[in-house]
Every structure is written in C-alpha cells, then in structure tokens.
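The opening position of the sequence shown corresponds to residue 53 in the numbering used here, with each subsequent residue numbered one higher.
A quick write-up on the structure given underneath.
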Amino acid sequence: MSDPTYPPLDTPKPVARDIWVVDGPVIRFYKLPFSTRATILRLENGDIWLHSPTRWSPELQGRIAALGPIRHLIAPNWIHYAHIADWQKALPQAQVWAAPGVAARAASHGVDIRIDHDLTQDAPPGWAGQIDQMIVEGSRVHHEAVFFHRASQTLILTDLIENFEPAKLPWWFRPLARLGGVSEPGAMPRDMRASFAGHRDRLRAQVQRMIGWAPERVILAHGRWYRENGAAELRRAFAWLLD
Numbered sequence: 053m054s055d056p057t058y059p060p061l062d063t064p065k066p067v068a069r070d071i072w073v074v075d076g077p078v079i080r081f082y083k084l085p086f087s088t089r090a091t092i093l094r095l096e097n098g099d100i101w102l103h104s105p106t107r108w109s110p111e112l113q114g115r116i117a118a119l120g121p122i123r124h125l126i127a128p129n130w131i132h133y134a135h136i137a138d139w140q141k142a143l144p145q146a147q148v149w150a151a152p153g154v155a156a157r158a159a160s161h162g163v164d165i166r167i168d169h170d171l172t173q174d175a176p177p178g179w180a181g182q183i184d185q186m187i188v189e190g191s192r193v194h195h196e197a198v199f200f201h202r203a204s205q206t207l208i209l210t211d212l213i214e215n216f217e218p219a220k221l222p223w224w225f226r227p228l229a230r231l232g233g234v235s236e237p238g239a240m241p242r243d244m245r246a247s248f249a250g251h252r253d254r255l256r257a258q259v260q261r262m263i264g265w266a267p268e269r270v271i272l273a274h275g276r277w278y279r280e281n282g283a284a285e286l287r288r289a290f291a292w293l294l295d
C-alpha cells in the first residue's frame, strides 16, 4: 500500500546544526491523504522554536525538549494551526505566534487557541538576526509566514510549494496531484496561484526576496523537501511567475 509519509515518524531528524525536521502521520485535507512536517530550530540562547507542529504526544514532546526548552510555537498560515492547541495545553508557558487569518479560522472551527503574538513582516527581538521572516501577501485567502534560518541557509515554507512523490501516493491521488500542479518536482498549487490574481507583481517581488536569501535548502510541509540547490528549486517552482 502506498504511504505518503516519511518514516521514521514523530522523531526529530537532523538537517544541519541547530535545525531538525519532524515527519508526522497522514492527515486528511478534503479527504485527501497528506504527509506533514514540522521544523525545529534551536536559537542562540538555546530556546526551541517549533514551526507548524505535527501531532502532539508526550513522547514527541520529550524528544524535542531534549534539544532545549520549547519556547515558541509557530502557526505559519490559516491552515497550519491544527495541533497548536494540544501543544499549548502541554506547554502553557510557550509563546504562540500566528500568521494573519489563524485566529479567525480557529474561532470559526471552535478551536480554542491563545495567540500571544501576531507574525509580521519583521522578525521579533527573540530571533531577529537569526531568522529572517516575511508574510507573503496578495492572495485573496492565503497569507503565509515564511522564514529563513541564516546559519543553516534554510528556507522554511509551509504550503507555498508542495511536492508529492507519485510513488508514495494512492493511485487515485496521483492524477489529482498532477492536475493540481503539486506532483514532483513540486510547485505552488494551482488553486493557490489563482488566488493571487491581480497581485502577481507583489507575489513576484516576494518570491524574488526569498531567492535573494540564497537558500541552500527549502523545507516544505507536504511531500519531499529540497536538501540542496534551494534557490534553483525556487526559480524552477515559480518559473510560471518569474518568466
């Protein structure tokens, strides 16, 4: 049976110094099976910054806490907040940082999340100089916070690029991924592209800024992430916009 996930699951896997990924179990989005992924950064003061947390468990919390105290929980867009409430319940002292749209979406779904800080175009003092950030704007519905970890030259995206490997998908999902534009080697979903209609110049400038960060790696929440040639992968994935 096809398995869209990336075992081993629920365990931090090193990417470079002070950065790890956690691959989580399958989630269902509009009944489609998605792999999902969290990113862990250890800040210079030793604090742990947890981006788009996957499913909480005491075992996973313990494995991450072994890397440092978990101080920051990041909800990077209006969809990727699903597990924040469970992590917040387990770690009430951790600060929750949320992108535009998260609070309204959570409230509309009856999810009780305490949002401590809004993510903005500028990195806060807690990680300024270590992690660059930007809110990608211009879509009618999708506002995503993207991050660049300077020390490891790693760009952290969530849904702006998805990269599903056909061999890991159920046979019936493969044509849907291809039609959606998210089959390997990966790109922005076609429905998301359409949501930027009338604001492509703004999106283009934001993508060019990401390329200007010169990432070596690009971590994605869904599908295979890019371990090398990150800036080139961005140029390829957004060729429809940049050409």
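Even for Gly, the Cβ is constructed at its ideal location relative to N, Cα and C.
Being a predicted model, the structure only gives us computed values, none of them experimental.
Can the beta-carbon of residue i be found less than 9 Å from the beta-carbon of residue j?
i: Leu84; j: Leu228; result: yes
i: Leu125; j: Ala146; result: yes
i: His135; j: Pro105; result: yes
i: Pro286; j: Leu255; result: Correcting the residue type first, residue 286 is Leu in the shown sequence and not Pro. Taking 9 Å as the Cβ cut-off, Leu286 and Leu255 do not qualify as a contacting pair.
i: Arg364; j: Ile71; result: With the chain represented from 53 up to 295, any question about residue 364 goes unanswered, as that position is not in the structure.
i: Leu171; j: Trp139; result: no
i: Leu207; j: Met244; result: no
i: Ala246; j: Ile187; result: no
i: Ser204; j: Ala68; result: yes
i: Lys220; j: Ser109; result: no
i: Glu189; j: Gln260; result: no
Output the distance between the C-alpha atoms of residue i and residue j, rounded to the nearest integer angstrom.
i: Tyr58; j: Ile131; result: 21 Å
i: Val270; j: Gly282; result: 5 Å
i: Arg252; j: His274; result: 24 Å
i: Asp164; j: Asp295; result: 43 Å
i: Glu111; j: Pro66; result: 17 Å
i: Ala137; j: Arg166; result: 8 Å
i: Val73; j: Ile92; result: 6 Å
i: Asp280; j: Glu268; result: Per the sequence shown, the amino acid found at residue 280 is Glu instead of Asp. So the alpha carbons of these two residues sit roughly 5 Å apart.
i: Ala197; j: Gly178; result: 16 Å
i: Pro121; j: Tyr133; result: 20 Å
i: Thr210; j: Trp277; result: 11 Å
i: Pro218; j: Val78; result: 15 Å
i: Leu272; j: Asp75; result: 11 Å
i: Arg226; j: Pro56; result: 11 Å
i: Ala142; j: Met262; result: 34 Å
i: Met240; j: Arg123; result: 31 Å
i: Arg242; j: Arg288; result: 15 Å
i: Phe81; j: Ala284; result: 29 Å
i: His169; j: His161; result: 20 Å
i: Glu96; j: Glu236; result: 35 Å
i: Gly153; j: Ala180; result: 23 Å
Given a threshold of 16 other Cβ atoms within 10 Å of its Cβ, counted over all protein chains shown, does residue i qualify as buried or as exposed?
i: Pro128; result: buried
i: Trp149; result: buried
i: Leu224; result: Correcting the residue identity first, residue 224 is Trp in this sequence and not Leu. Exposed: under 16 other Cβ atoms inside 10 Å.
i: Pro144; result: exposed
i: His194; result: buried
i: Phe216; result: buried
i: Phe248; result: buried
i: His201; result: buried
i: Pro222; result: exposed
i: Gln185; result: buried
i: Pro60; result: exposed
i: Asp174; result: exposed
Looking at C-alpha atoms only, which residue of the options is the closest neighbour of residue i?
i: Glu214; options: Val234, Phe225, Leu207, Gln205; result: Val234
i: Asp99; options: Leu207, Glu189, Gln182; result: Gln182
i: Phe290; options: Gly264, Gly238, Asp243; result: Gly238
i: Gly250; options: Glu236, Thr206, Arg192, Arg288; result: Arg192
i: Trp265; options: Ala68, Phe199, His169; result: Phe199
i: Pro64; options: Gln113, Asp55, Phe81; result: Gln113
i: Arg115; options: Asp62, Leu272, Glu236, Arg288; result: Asp62
Closer than 8 Å: is that where the CB of residue i sits relative to any heavy atom of the ligand COA?
i: Glu280; result: Annotation note on the ligand COA: not contained in the displayed structure, which lists no ligands.
Output yes if chain D places a C-beta closer than 9 Å to the C-beta of residue i; else output no.
i: Ala151; result: Among the chains in the structure shown there is no chain D, since it carries only a single protein chain.
Tell me, please, whether the region 88-103 touches the region 152-164 by the rule of three or more beta-carbon pairs shorter than 8 Å. The region 88-103 vs the region 152-164: no contact.
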